[in-house]
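Working notes, beginning with the structure itself.
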Amino acid sequence: MSKQIRYFSIPFVLLVALDQAIKYAMIYVAQPQSLHDFVMIADNPVISIALVFNTGVAFSFLTWLGEWLKYMQVGFIAIIIGILFTQKHLFKDHYIAFSFMFAGGASNVLDRFLHGGVVDYIYWHYKFEFPIFNFADIIINCGVALFILQTLFLNKRKKI
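In terms of full-length UniProt numbering, the sequence shown is numbered consecutively and its last residue is 160.
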């Protein structure tokens, strides 16, 4: 189990550090005046860089929870960690996927405590406007995709 914890911890720390570095660079370049600013950094035809602070979750859902949201998210992460302690096989089978998901989630929750909202900056607007997102959102989705793929292939391998 210690090997899995080590292999969980290394990408976790690196991904959180990288995500936070990118976010601090975006804030430094944009120099927002308030939490409610929308600052266009680089306007391009397909993907632009625009700084916003999301005080909700996906698609600004649950914004009305205000300060409670970050504490609810910390509680949610604690519950998932508790489940993983009781389901050790789940962690052993998917420690890299969990590393990605937890890194993105932890970095976004950290934003709420440091900046009052999640620092989002990737703005896809080619043919349709997608909500602005960040690198942490990408690594969360990569972790979920990896978890699904591992689950499908682990189940096939166990049946053979």
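No residue lacks a Cβ here, since even glycine has one placed at the ideal position from N, Cα and C.
With distance defined between alpha-carbon atoms, name the residue in LEU146, VAL57, ALA30 and VAL109 nearest to PHE42. The question names Phe, but residue 42 in the sequence shown is Ala. Nearest C-alpha to ALA42: ALA30.
Would you be able to state if there are at least three C-beta pairs under 8 Å between the segment 96-112 and the segment 11-22? yes
Figure out for me which residue from ASP37, ASN44, ALA50 and ALA106 has the closest Cα to the Cα of TYR71. ALA106
At the level of alpha carbons, what is the spacing between VAL74 and PRO32? Going from the Cα of VAL74 to the Cα of PRO32 covers about 26 Å.
For a test of the three-state rule: what should DSSP assign to PHE128, helix, strand or coil? DSSP, read as helix, strand or coil, puts PHE128 in coil.
Does the segment 45-55 come close enough to the segment 111-128 that 3 or more CB-CB pairs lie under 8 Å? Verdict: yes, contact present.
Excluding the five sequence neighbours on either side, which residues of its own chain have a C-beta within less than 8 Å of the C-beta of ASN134, listed in chain order? ASP19, ILE22, LYS23, ASN108, VAL118, VAL119, ASP120, TYR121 and ILE122
May I ask you to report which of helix, strand or coil DSSP gives SER107? DSSP, read as helix, strand or coil, puts SER107 in helix.
Under the assumption that GLN4 contacts PHE91 (Cβ atoms under 8 Å), give the Cβ distance between them as a whole number of angstroms. 7 Å
Would you kindly report the start and end of the unbroken alpha helix (DSSP H) that includes residue 214? The requested residue 214 is not part of the displayed model; the chain covers only 1 to 160.
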